[in-house]
Amino acid sequence: MKPISAKISKSLNTGAELICADNSGAKILKIISVKRYKGVKNRLPKAGVADIVVCTVKKGSEKIRHNVVHAVVIRQKKEYRRKSGIRVKFDSNAAILVDEKNGPKGKQIKGPVAREVVERFSKIGKIASIIV
């Protein structure tokens, strides 16, 4: 996995609910676990922008509801700091569904996408309408 150029504060615990910002059919996602999380014993994993999370679909179309899916966090409410000194925060916590090769499942993304996500996953940047 590629490194990113910002110090991301991990603010999304397991059990947090995210908005699904693509047109894959899911509406609300709930985090089960975080991929590639390394932490202390008995500590719950946390996620931030540009992390891959394992989620269940809480609301959405009949086909995809109650399934376990992989997603990438593209926005978080908690502010984080970039190397240039700028602090970035969004108005909602959001993610998009990805496949096994970390390519997006949907064809378009609603709302802005953090630049750190595009640094790590270039395929997501191709379908993003706004990159902040």
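All the letters of the sequence shown, read from the start, carry residue numbers 1250 to 1381 under this note's numbering.
Cβ coordinates follow ideal geometry from the N, Cα and C atoms, glycine included.
May I have the straight-line CA-CA distance separating residue i from residue j, to the nearest angstrom?
{"i": "G1334", "j": "A1363", "result": "16 Å"}
{"i": "K1291", "j": "I1301", "result": "With the sequence shown as reference, residue 1291 is identified as Asn, and Lys is not the correct amino acid for it. If you take the alpha carbons of N1291 and I1301, they lie about 20 Å apart."}
{"i": "I1268", "j": "P1361", "result": "13 Å"}
{"i": "P1294", "j": "Q1325", "result": "16 Å"}
{"i": "F1370", "j": "I1257", "result": "16 Å"}
{"i": "E1311", "j": "D1340", "result": "28 Å"}
{"i": "K1259", "j": "V1283", "result": "11 Å"}
{"i": "G1374", "j": "G1274", "result": "20 Å"}
{"i": "N1272", "j": "R1331", "result": "29 Å"}
Taking 8 Å as the cut-off, decide whether the C-beta atoms of residue i and residue j are in contact.
{"i": "I1345", "j": "V1321", "result": "yes"}
{"i": "I1379", "j": "P1353", "result": "no"}
{"i": "V1366", "j": "A1299", "result": "yes"}
I think residue i touches residue j, with their Cβ atoms under 8 Å apart; what is that distance to the nearest whole Å?
{"i": "T1305", "j": "H1315", "result": "7 Å"}
{"i": "K1276", "j": "G1309", "result": "5 Å"}
{"i": "I1281", "j": "V1317", "result": "7 Å"}
{"i": "E1368", "j": "S1254", "result": "7 Å"}
Tell me the residue span of the beta strand (DSSP E) that contains residue i.
{"i": "G1352", "result": "First-last for G1352: undefined, no H or E at that position."}
{"i": "V1381", "result": "Element bounds for V1381: n/a, residue is neither H nor E."}
Could you tell me the boundaries of the alpha helix (DSSP H) in which residue i lies?
{"i": "S1371", "result": "S1371 to I1376"}
State the beta-bridge partners of residue i as determined by DSSP.
{"i": "N1342", "result": "Note: N1342 sits in no beta bridge, so no partner."}
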